[in-house]
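Each remark here refers to the structure printed beneath this line.
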Amino acid sequence: MFHDAKARLDSAAATLGVTAEVVERLRYPDETLCASLPIRLDDGSIRVLKGFRCRYNEVRGPTKGGIRFHPSVGIDEVMALAFWMTIKTAVVDLPFGGAKGGVAVDAKGLSPRELEGVARAYVRAFAEMIDEDRDIPAPDMYTGGIVIAWMTDEITALERRPMPAAITGKPRQLGGSLGRDTATGDGAFLCLERLADRLGLGQGASIAVQGFGNAARVFARRAAEAGYRVTAVSDSSGAAHDPGGLDLDALASHKNETGSVEGFAGALDRDALLTTECDLLVPAALGGVIDADLARKLRCKAILEIANGPVQPAADAVLEECRIDVVPDILANAGGVIVSYFEWVQNRTGDYWAAGTVAERLAERLRTSTDAVVERAERHACGLRQGAYLLALERLCAAIAAKGTQAFYNGGGAGDA
Ligand code: GLU
């Protein structure tokens, strides 16, 4: 996964004429740590879990990125995700580098007490890194709300002082920002609105969403409110399908009651969701779900990536051939880290913003970033993903050059920084 992630770096670096030294610099994480986390289970036994944190690159600021609890977590995945955070924070121009962490565990199989044990053990293991000026964790898969609250409590207890800006995505009562819980879905919708014409998506265009977690739900609701038809939704157990558009509130209630979207409407297989006919396909679950073979079978006009890394790099060329535009994760799901940045700013200044202020500033930043990505894509006659990489790389090169390490950048503009 990490190896694949760097394929896109190489291609952007070649287009931009970045020197080999810069590419070499961005090829390796600053540090990747593994720790064993001993957890006491409810039956009294001890289980030792593997935890990871990768601080990929801090040339643009303290490292930033979520922590996920998922059985797929391993060192390779965490490094790839931390690399993408480095690119993502540069695309939306936050004063942060990139990081990611995780624990290899099925959070759904843990009791609340066991989950709290994992959250606190994680913070104890990586406490030396966690700091508002060094490394700032946040939620990711299965670490929303209460998990972040336990983590914030643990770091505060360990450091014996309030550390609100050291972790973002906190509940409001602990210094969290208004709008952070819906930020990823809101941001994805704002990108869709800004790019709808370019993607050829008119009024009533159909959308299929893989995943029905927090970001997917928020996105789907906002898209439906704006007149799109959300025709298919899947989760890990099944799918729901209605060509006329699903009733999303009723679907959410069905999932809350039964644990799945399965059995709500239509007869669509979970795995068939990706190849179902739609105007816009929105992978919002796991990474790596679209490989080159599957890419040939897609029946959509465009893809908007809410998950991190849902399209494998080997599928990029196929999608281009099939003229399927991709709004890349490093732009489409950046709403979360943008509002995390707002939270960090509010925690540091003590000036807390109204919901409308957060929403306006999120929209403004995504508008500017989306337009900058489109500008790069047009200038270099490439897709939006490559455009986003080019933009990020310009900014990373400018930061590296400004730090005076070496004259890394041969292209015009950023080298003058
Ligand atoms: N985990 C989210 C992401 O992948 C949010 C990270 C953050 O808020 O720092 O972008």
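Residue numbers (our numbering): 31 to 447.
A virtual CB, placed ideally from N, CA and C, is assigned to each residue, including glycine.
A quick note: this is a predicted structure, and the numbers were derived from the prediction, not measured.
Is any heavy atom of the ligand GLU found at a distance shorter than 7 Å from the C-beta of residue i?
i      : result
Val388 : no
Val367 : yes
Pro169 : yes
Asn338 : yes
Gly205 : no
Lys200 : no
Ser370 : yes
Gly95  : yes
Lys118 : yes
Asn363 : yes
Helix or strand or just coil, what does DSSP make of residue i?
i      : result
Ala437 : With a pLDDT of 47 at Ala437, under the threshold of 50, the modelled position of this residue cannot be trusted; read the value that follows with caution. DSSP places Ala437 in coil when its eight states are reduced to three.
Asp106 : helix
Ala238 : strand
Thr306 : coil
Gly230 : coil
Ala447 : Low local confidence applies: a pLDDT of 43 at Ala447 is under 50, so the model's placement there is unreliable, and no value is given.
Thr288 : helix
Ala402 : helix
Val48  : strand
Gly442 : Because Gly442 carries a pLDDT of 48, less than 50, the predicted location of this residue cannot be relied on, and the following value inherits that uncertainty. Looking at Gly442 - three-state DSSP - the assignment turns out to be coil, as it is neither helix nor strand.
Arg259 : strand
Val133 : strand
Val122 : coil
Phe249 : helix
Phe99  : strand
Ile430 : helix
Asp72  : coil
Ile368 : helix
Cys221 : helix
His410 : coil
Trp383 : coil
Given that a residue counts as buried once 16 or more other Cβ atoms are within 10 Å of its Cβ, and exposed if not, what is residue i?
i      : result
Tyr439 : Confidence in Tyr439 is poor, its pLDDT being 48 and thus under 50, which makes the residue's placement unreliable; the coordinate value appears in the next sentence. So Tyr439 counts as buried.
Ile176 : exposed
Val48  : buried
Glu307 : exposed
Ser264 : buried
Asp446 : Unreliable positioning characterises Asp446 in this predicted model, as indicated by a pLDDT of 47, which lies under 50. The coordinate reading is nonetheless provided below. Looking at its Cβ environment, which holds fewer than 16 other Cβ atoms inside 10 Å, Asp446 is exposed.
Tyr152 : buried
Gly230 : exposed
Ala50  : exposed
Arg378 : exposed
Arg353 : exposed
Arg409 : exposed
Ser141 : exposed
Thr214 : buried
Thr398 : exposed
Arg143 : exposed
Cys330 : buried
Glu390 : exposed
Whose C-alpha, out of the options, is nearest the C-alpha of residue i?
i      : options                        : result
Pro192 : Ile160, Val319, Gly174         : Ile160
Thr93  : Ile197, Leu220, Leu140         : Ile197
Ala110 : Arg98, Val122, Tyr86           : Tyr86
Arg300 : Gly241, Ala157, His410, Phe156 : Gly241
Glu255 : Val341, Lys80, Gly234, Asp346  : Gly234
Glu424 : Leu414, Gly413, Ala411, Arg406 : Arg406
Ala428 : Ile69, Cys84, Asp123, Ala325   : Asp123
Gly386 : Thr186, Ala157, Gly209, Asp106 : Gly209
Ala270 : Val248, Gly257, Phe294         : Phe294
Arg83  : Val133, Ala120, Phe32, Ser75   : Val133
Glu373 : Arg224, Arg202, Leu304         : Arg202
Ile333 : Thr400, Asp277, Thr398, Val239 : Val239
Tyr258 : Pro273, Ser266, Ser267         : Pro273
Leu361 : Asp227, Val248, Ala168, Ala402 : Ala402
Leu91  : Leu39, Gly127, Thr305, Ala344  : Here residue 91 is Gly; the residue named in the question, Leu, does not match the sequence. Nearest of Leu39, Gly127, Thr305, Ala344 to Gly91, Cα basis: Gly127.
Pro343 : Val78, Asp359, Ala195          : Asp359
Phe297 : Ala262, Asn363, Leu278         : It should be pointed out that residue 297 corresponds to Ala in this sequence rather than to Phe. Closest option to Ala297, Cα to Cα, is Ala262.
Ile368 : Arg329, Ile166, Thr182         : Ile166
Arg154 : Arg77, Ala422, Glu189, Pro101  : Glu189
Per the DSSP calculation, residue i is bridged to which residue(s)?
i      : result
Asn87  : Gly128
Asp359 : DSSP output for Asp359 lists no bridge partner at all.
Ile79  : According to the sequence as given, residue 79 is Leu; it is not Ile. Looking at the DSSP assignment, Leu79 forms a beta bridge with Leu67.
Lys94  : Gly128, Ile166
Ala332 : Leu310, Asp355
Glu61  : Arg85
His271 : Ala262
Ile160 : Asp165
Val341 : Ile320
Does any heavy atom of the ligand FMN sit closer than 7 Å to the C-beta of residue i?
i      : result
Met115 : This structure lacks the ligand FMN; its bound ligands are the ligand GLU.
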